[in-house]
Amino acid sequence: MNKEHIQTIIQNALSDARLEFIGDDCNLQLRIISDSFEGMPMVKRHKIILNMLSESFQSGELHALSLKTQTKAENS
1 MNKEHIQTII QNALSDARLE FIGDDCNLQL RIISDSFEGM PMVKRHKIIL
51 NMLSESFQSG ELHALSLKTQ TKAENS
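At position 58 of the sequence shown (counting the first as 1) the number is 58 in the working numbering, and the numbers step up by one without a gap.
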């Protein structure tokens, strides 16, 4: 799965999201900064993102993804 496709999926749901990709394919890490995460525990944030990408995981297009999710305040 290409990074642009991941970015489109996430930004369609979280319009203020800023994404930073590190690595690729089997070692892909993604940092997402969005105020939509305000007040959410990390587990809920990650579940939301993984649900957005569930079709890609089920099809095998995306194998593994390491997530770091933050609000803008947590990132500063």
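Ideal Cβ positions, reconstructed from N, Cα and C, are used throughout, including at glycine.
DSSP state of residue i mapped onto helix, strand, coil
i: residue 8; result: helix
i: residue 66; result: strand
i: residue 19; result: strand
i: residue 50; result: helix
Cα-Cα separation, residue i to residue j
i: residue 52; j: residue 70; result: 17 Å
i: residue 38; j: residue 44; result: 11 Å
Element boundaries [beta strand (DSSP E), containing residue i]
i: residue 34; result: Here residue 34 belongs to no beta strand (DSSP E), and DSSP marks it neither H nor E.
Proximity of residue i and residue j at Cβ, strictly below 7 Å
i: residue 46; j: residue 19; result: no
i: residue 33; j: residue 3; result: no
Endpoints, alpha helix (DSSP H) assigned at residue i
i: residue 75; result: 72-75
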